[in-house]
Amino acid sequence: MENKNKKIIPNHVGIIMDGNRRWARERNLPTLEGHHKGYEKMKQSFDWFFSRGIKIISIFVFSTENWNRSRAEVNYLMKLLKKAIDEETAKLVEKNYKVLISGRIDELPGDLPESCHNIIDKTKNGSAGIINICLNYGGRAEIVDAVKKMIKNKIEIKQVHEGMIRKYLYNGQLADPDIIVRTSGERRLSGFQLWQSAYSELYFMEKYWPDFEERDVDIIIEEYNSRTRRFRGDE
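With our numbering, letter number 111 in the sequence shown gets 145, and the count goes up by one each step, no holes.
Next comes the structure, spelled out in C-alpha cells:
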C-alpha cells in the first residue's frame with residue numbers, strides 16, 4: 035500500500051546563495067567576511083542536501099555581472115574560489131561527489147581555469163551526489179554561448195529544436211532543477227538557470243545565506259511537497 039505521507043524528495047535543487055554582504059554589514063563586519071562565512075556554509079550544505087536523497091545541487095557562486103563589483107572584492111572572491119577548489123578536491127573525491135562547473139571557465143583569471151578543470155576531472159567518477167558550480171555564469175550568456183557553438187558546428191536550421199539547444203548548454207545532460215531557492219529575501223532569479231528553470235518551483239527565503247542551517251533543507255523539502263506540480267498543458 036502506498037504511503038500517502040511519504041515525502042517526495044526533489045532530484046535537483048538550485049541555490050542562489052544571496053545576502054553575504056548584507057549579513058556582514060548588519061554585524062559591522064567587513065563585507066569580505068560575509069563571503070568567507072558564505073563559503074563555509076556552502077561546504078557544509080552539500081552533505082545536508084545529499085544525506086536527504088537529493089541527487090543534484092546547482093549553486094550560483096559568481097555571475098558574469100559580478101565583475102562590476104570593486105576590484106578588491108572581485109580579487110578576494112577569485113582567491114577564495116581558487117583556495118576552495120584546490121583544498122576541497124581531495125575531500126570531495128573521498129566523499130564520492132561529482133563536481134561540474136557551468137560558466138565561462140576559461141575566462142577566469144590566473145590558473146583558476148586549470149583548478150576548475152582539475153576538480154572536474156578528479157571527481158568525474160563520483161556517484162554520491164552532483165555539485166554543479168555556476169561560476170562566471172549567466173543564464174543569457176549560457177544561451178548565447180550555446181548558439182555560438184551551434185553556429186561553429188554548422189548546425190542547420192532544420193536541426194534546431196529544444197533538445198539540440200539543451201545539448202549545447204554548459205551541462206545540458208543534467209535534469210532541470212525541481213526547485214530553485216534564493217536566500218536574502220530577494221525575489222528574482224538574476225539570470226540563474228534561465229533555460230532550465232522554465233518549470234522549476236521557486237522558493238524565496240528571508241534569511242541570508244550565512245544563516246542557512248541544516249533544518250532549512252527540511253523546510254525546502256516540505257515547501258516542495260506543498261506545491262502542486264504542473265507542467266505543459268496542465269495549467
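Built from N, CA and C at the ideal position, the CB exists for glycine as well.
Note that the coordinates shown come from a computational prediction; the quantities given were computed from them, not determined experimentally.
- A direct Cα-to-Cα measurement between E235 and A118 gives close to 30 Å.
- The C-alpha of D81 is placed about 24 Å away from the C-alpha of S97.
- Sequence-distant Cβ neighbours of D252 in its own chain, meaning closer than 8 Å and more than five residues away, are R86.
- In the three-state DSSP reduction, G68 falls in the helix class (H, G or I).
- Sorting H70, T123, F84 by C-alpha distance to the C-alpha of E107 places H70 at the top.
- By the 16-neighbour rule on beta-carbons within 10 angstroms, K75 is buried.
- Counting along the chain, the unbroken alpha helix (DSSP H) around I254 starts and ends at 248-260.
- One thing to note: N54 has its Cβ within 8 Å of the Cβ of P244.
- Short of 6 Å from the beta carbon of T123, and not among the five residues preceding or following it, lie these beta carbons of its own chain, in chain order: I153, K156.
- Within the same chain, I255, N259 come within 7 Å of K41 by CB-CB distance, once the 5 residues on both sides are set aside.
- Residue state for L115 is assigned as helix, using DSSP reduced to three classes.
- For I164, the closest alpha carbon among the candidates T217, F83, G137, L111 is that of F83.
- About 7 Å separates the beta carbon of I214 from that of L223, a gap short enough to meet the 8 Å contact definition.
- Our two residues, Y204 and T217, have alpha carbons roughly 24 Å apart in a direct line.
- DSSP places H151 in the helix class (H, G or I) of the three-state scheme.
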